[in-house]
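In the working numbering, the protein residues as written are 3 to 170. Quick notes on the structure that follows.
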Amino acid sequence: MTTERIDPPRLAGERETLRAYLDFHRATLAMKTDGLTDEQLRSRSMPPSTLTLLGLVRHLAEVERTWFRRVINGEDIPLVWSAEGDYQVAYDASGATRAEAFEAWQTEVAHARRIEQAAASLDVTAYQPRWGEEVSLRLVMLHMIHEYARHNGHADFLREGVDGVVGA
3 MTTERIDPPR LAGERETLRA YLDFHRATLA MKTDGLTDEQ LRSRSMPPST
53 LTLLGLVRHL AEVERTWFRR VINGEDIPLV WSAEGDYQVA YDASGATRAE
103 AFEAWQTEVA HARRIEQAAA SLDVTAYQPR WGEEVSLRLV MLHMIHEYAR
153 HNGHADFLRE GVDGVVGA
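Rendered as structure tokens:
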């Protein structure tokens, strides 16, 4: 599998730029997993950490679901892997497969894109219960870019540990 990653535009409006950078980082995560087996995707970083590439994909599915569906869209739905709302469960990829994790992640990304595109503007607000306050779609987009950028850094190290591949 080869992931296509499109560079964000150099000159664009705010919303188009945020959308493009988020998609760029989504594609970067997918690129970091290209060509790996389920076993390699479950390979742990370094003790005592249990972090894996597959765990990152599962975690980011939960993050997409939470910010776009649960917060912005106000959907009353549980997390993908934890009905109790425990975000740490997604990191445990010991019994997970690429197919299961990527299907969930791609489903949540599709929902997120639909919700973002349907929003009237980046000024749309919604209640974030964990923070106890209203947040804008703009903040959500920026937060998601930050979330992916941070975890793509983890993915760099994880991939290098699996097979020596570096760079994105």
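No residue lacks a Cβ here, since even glycine has one placed at the ideal position from N, Cα and C.
The three-state reading of DSSP puts V137 in strand, counting E and B together. Taking the Cα positions, L62 is about 11 Å away from I147. When C-alpha distances from S123 are compared across A95, A151, R17, L58, the shortest belongs to R17. Here A101 is exposed: its Cβ has fewer than 16 other Cβ atoms, across all protein chains shown, within 10 Å. Pairing L55 with A157 gives a Cβ-Cβ distance under 8 Å. Rounded to whole angstroms, G37 and S96 show a C-alpha spacing of 19 Å. The residue from E66, A121, L139 with its alpha-carbon nearest to that of W107 is E66. Take V168, set aside five residues on each side of it, and the residues of its chain with a beta-carbon closer than 8 Å to its own are D158, R161, E162, in chain order. Around the CB of G166, fewer than 16 other CB atoms lie within 10 Å, so the residue is classed as exposed.
Less than 8 Å separates the beta-carbon of Y150 from that of H27. Annotated as proximal: D94 and G57, with beta-carbon spacing under 8 Å. I117 sits close to I74, with the two beta carbons spaced by under 8 Å.
Under DSSP, Q130 forms a beta bridge with E135. Spanning the alpha carbons of T35 and V59 requires a straight line of approximately 9 Å. In the structure shown, the three-state DSSP call for E105 is helix. For the pair L20 and L144, the CB atoms are nearer than the 8 Å cut-off. The DSSP-derived three-state label of N154 is helix.
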